[in-house]
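Structure, as structure tokens:
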Amino acid sequence: GENVEQHPSTLSVQEGDSAVIKCTYSDSASNYFPWYKQELGKRPQLIIDIRSNVGEKKDQRIAVTLNKTAKHFSLHITETQPEDSAVYFCAASKGTGRRALTFGSGTRLQVQP
Amino acid sequence: DSGVTQTPKHLITATGQRVTLRCSPRSGDLSVYWYQQSLDQGLQFLIQYYNGEERAKGNILERFSAQQFPDLHSELNLSSLELGVSALYFCASSVEFGGLAGSEQYFGPGTRLTVT
């Protein structure tokens, strides 16, 4: 089945700096890659997603890039703010058959004011 | 607020007992997924229902079961509970029309299950 690896497990940045989180996936049939933000004790919240027919997608300070050949995708957060502090999860799924998400292990992002 | 609701918020029970977790999807969403989140296993897919029918199974224990009712709400039944199943249980819903691309999944607030 699908396997998603996520790095780093923890990331500490200064407010205003950029943060990058990277994921790799194993199943070349996966074609949907969402990113979720989870604050302590809260639900995972979808923040951005990308499909395999697109190489990059941006939403204000957040962007995601996808390299299908290398089977990896990344989350970029620019001008980080203390409220960006949370655990971020990448995930992958296929468009047909099983569409359940396979999650990475998460990255704890700490933005220091 | 994602529009997905889950009850109860917290559940404390003893080993060997049986519990039922409930999920109501967003209006218009036909698909419900159940996920388990534990410290050592992360977020793991348990089971999916689409318009009342089981669509896919993940790492769900045999003594766990689920169903989706005609009004599209779903219930996850956990029986013969052991300490190791203490975790956060989330359901997520999505529209899932046809087509090749995945559909966005929106998570409910979760049920925290503690088995003592």
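Taken in order, these protein sequences are the chains called A and B.
Start counting at 1 in the first sequence, then tack on 262, and there's your number in this note's numbering.
Start counting at 1 in the second sequence, then tack on 177, and there's your number in this note's numbering.
Even glycine gets a Cβ: it sits at the ideal position worked out from N, Cα and C.
Note that the structure is predicted; figures quoted are calculated from it, not measured.
Sorted by chain position, which residues of the same chain lie with C-beta nearer than 7 Å to residue i's C-beta, five sequence neighbours on each side aside?
| i | result |
| --- | --- |
| Asp279/A | Thr342 |
| Pro344/A | Glu277, Val373, Pro375 |
| Gly317/A | Thr327, Leu328 |
| Ala348/A | Lys299, Gln300, Glu301, Leu371 |
| Thr293/B | Ile189, Ala191 |
| Lys304/A | none |
Here's a check: name, in chain order, each residue in its chain whose Cβ is nearer than 6 Å to the Cβ of residue i, leaving out the five neighbours to either side.
| i | result |
| --- | --- |
| Phe241/B | Leu255 |
| Asp289/A | Glu264 |
| Val272/B | Asp206, Ser280 |
| Thr272/A | Arg370 |
| Leu220/B | Tyr212, Gln214 |
| Asn236/B | Gln221 |
| Phe365/A | Phe351, Ala353 |
Which same chain residues end up closer than 8 Å to residue i when comparing Cβ atoms and leaving out the 5 residues on each side of it in sequence?
| i | result |
| --- | --- |
| Arg232/B | Ser208, Gln225, Tyr226 |
| Leu277/B | Per-residue confidence for Leu277/B stands at a pLDDT of 49, beneath the threshold of 50, marking its modelled position as unreliable; the derived number appears in the next sentence. Nothing listed; no residue qualifies. |
Per DSSP, which one or two residues make a beta bridge with residue i?
| i | result |
| --- | --- |
| Thr293/B | Partner(s): none; Thr293/B has no beta bridge. |
| Ser274/A | Gln372/A |
| Lys356/A | Ser292/A |
| Val181/B | None, per the DSSP bridge assignment. |
| Leu308/A | Tyr298/A |
Which stretch, first to last residue, makes up the beta strand (DSSP E) that contains residue i?
| i | result |
| --- | --- |
| Leu299/A | The question names Leu, yet the displayed sequence has Lys at residue 299/A. Counting along the chain, the beta strand (DSSP E) containing Lys299/A begins and ends at 292-300. |
| Gln282/B | Looking at the DSSP string, Gln282/B is not in any beta strand (DSSP E), and its letter there is neither H nor E. |
| Ser270/B | 264-271 |
| Ala281/A | 281-287 |
| Glu267/A | 266-269 |
Please determine if the segment 188-204 of chain B and the segment 218-228 of chain B are in contact, where contact requires at least 3 C-beta pairs separated by less than 8 Å.
Short answer: they don't touch.
Whether or not the segment 189-197 of chain B and the segment 249-260 of chain B are in contact is what I'm after, with contact meaning three or more pairs of Cβ atoms, one per stretch, closer than 8 Å; do they touch?
Three or more pairs of CB atoms, one per stretch, sit closer than 8 Å, so the segment 249-260 of chain B contacts the segment 189-197 of chain B.
Tell me the start and end of each unbroken beta strand (DSSP E) in the segment 312-350 of chain A that is at least 3 residues and wholly inside, in chain order.
Within the segment 312-350 of chain A, the complete beta strand (DSSP E) runs of at least 3 residues are 318-321, 324-329, 334-339.
In chain order, what are the residue ranges of uninterrupted alpha helix (DSSP H) at least 4 long that sit wholly in the segment 183-260 of chain B?
Runs found: none.
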